[in-house]
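Presented below is the structure to which this report refers.
There are 2 protein chains.
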Amino acid sequence: MRLFYHPDTKDISLPGVLYALGDPIRLEIVKHLATEGEQPCAAVCEALGLAIAKSTMSHHFRVLREAGITCCRKEGTQHLNTIRRQDLEERFPGLLDVVLGCVQKAR
Amino acid sequence: MRLFYHPDTKDISLPGVLYALGDPIRLEIVKHLATEGEQPCAAVCEALGLAIAKSTMSHHFRVLREAGITCCRKEGTQHLNTIRRQDLEERFPGLLDVVLGCVQKAR
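Residue numbers (our numbering), protein chains in the order written: chain A, 1 to 107; chain B, 1001 to 1107.
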């Protein structure tokens, strides 16, 4: 069951993906999920040590989900997020890996 | 002589580049410049057949330039734009090529 809107793979747009990745916090979230696998929102915030409002973080997770970059499912009271690696690779081959590689370099 | 602000290569940021590319019109501009080489703004607008205001196009060219994706120089009354391929490749290897490849696929 999907409680949240997730675009179909074919509807994932390139400008949408690039826009969603075009923010330092969202890039950090994606990097963290790519490294750690499925994670609750709260754990991501804690791991990144970001002192920002919960509503701001929710916004960032929503932008990533609606762009087709992440998938979010509810388990109990937690929202668990994963990267849609296979869908992204199918739609835009190589893009996520190059971006993740650049995140490392950009530090 | 550079009339406009262009970030140094080392100051080109990944979120900034991704944000600038995260727009369908700017992606088309970049695609066109990558294919055709240096082009005046007016020629790009005409080639893309975009019926949008000149001020909107100027905004898009400015976002691309300030993100470090394009270089703009003035020659007579024309503003000539090129992609900063070498700078981008040095800063974020592979990124531009992957994105340009995805633009093709996204159509």
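Quick reminder that beta carbons are idealized off the backbone N, C-alpha and C, glycines included.
If distances are taken between C-alpha atoms only, which option among the options comes closest to residue i?
i: aspartate 8 (chain A); options: A:Val98, A:Asn81 and A:Arg91; result: A:Arg91
i: isoleucine 1012 (chain B); options: B:Thr1077, B:Cys1071 and B:Leu1080; result: B:Cys1071
i: threonine 1056 (chain B); options: B:Ala1042, B:His1006, B:Gly1101 and B:Ile1083; result: B:Ala1042
i: serine 99 (chain A); options: A:Glu28, A:Ser58, A:Lys74 and A:His79; result: Looking at the sequence itself, residue 99 (chain A) is valine, so the reference to serine does not match. Considering only alpha carbons, the answer is A:Glu28.
i: leucine 1048 (chain B); options: B:Gly1068, B:Lys1031 and B:His1059; result: B:Lys1031
i: arginine 1084 (chain B); options: B:Lys1074, B:Val1044 and B:Leu1064; result: B:Leu1064
i: arginine 1062 (chain B); options: B:Gln1078, B:Gly1022, B:Arg1026 and B:Glu1046; result: B:Arg1026
i: lysine 74 (chain A); options: A:Ala34, A:Thr82 and A:Thr35; result: A:Thr82
i: cysteine 1020 (chain B); options: B:Ile1069, B:Tyr1005, B:His1079 and B:Gln1104; result: First, the amino acid is wrong: residue 1020 (chain B) is alanine here, not cysteine. If we check each option's Cα against that of alanine 1020 (chain B), B:Ile1069 comes out closest.
i: lysine 1010 (chain B); options: B:His1060, B:Glu1089 and B:Leu1080; result: B:Glu1089
i: leucine 1033 (chain B); options: B:Leu1080, B:Pro1093 and B:Gly1094; result: B:Leu1080
i: glutamine 1104 (chain B); options: B:His1006, B:Thr1035 and B:Tyr1005; result: B:Thr1035
Within 10 Å of its beta-carbon, does residue i have 16 or more other beta-carbons around it, so buried, or fewer, so exposed?
i: glycine 1076 (chain B); result: exposed
i: leucine 18 (chain A); result: buried
i: proline 1015 (chain B); result: buried
i: glycine 37 (chain A); result: exposed
i: alanine 1051 (chain B); result: exposed
i: glutamine 1039 (chain B); result: buried
i: alanine 1053 (chain B); result: exposed
i: cysteine 102 (chain A); result: buried
i: cysteine 1045 (chain B); result: buried
i: methionine 1 (chain A); result: Bear in mind that the predicted position of methionine 1 (chain A) carries a pLDDT of just 46, short of 50, making it unreliable; the figure below should be weighed with that in mind. That one is exposed.
Along the beta strand (DSSP E) that carries residue i, what are the first and last residues, could you check?
i: isoleucine 52 (chain A); result: Element bounds for isoleucine 52 (chain A): n/a, residue is neither H nor E.
DSSP beta-bridge partners for residue i?
i: histidine 1079 (chain B); result: B:Lys1074
i: proline 1040 (chain B); result: B:Leu1080
Between which two residues does the alpha helix (DSSP H) carrying residue i extend?
i: alanine 1020 (chain B); result: 1014-1021
i: aspartate 87 (chain A); result: 85-91
Just the chain C side, please: which residues come within less than 9 angstroms of residue i by C-beta, in chain order?
i: valine 98 (chain A); result: Judged by its chain identifiers, the structure shown contains no chain C, and its protein chains are A and B.
Against chain B, which members of the segment 24-41 of chain A pass a CB distance test of less than 7 angstroms? Closer than 7 angstroms at the C-beta level to chain B, one finds these residues of the segment 24-41 of chain A: Pro24 and Leu27.
Chain B contacts from the segment 79-93 of chain A (Cβ-Cβ distance under 7 angstroms): Flagged, chain order: Phe92.
Taking any Cβ of chain B, which residues in the segment 4-21 of chain A have a Cβ under 8 angstroms from it, in chain order? Taking 8 angstroms as the Cβ-Cβ cut-off against chain B, the residues of the segment 4-21 of chain A that qualify are Ser13, Leu14, Pro15, Gly16, Val17, Leu18, Tyr19, Ala20 and Leu21.
Which residues, in order along the segment 44-55 of chain A, keep a beta-carbon less than 8 angstroms from a beta-carbon of chain B? Of all residues in the segment 44-55 of chain A, none has a Cβ within less than 8 angstroms of some Cβ in chain B.
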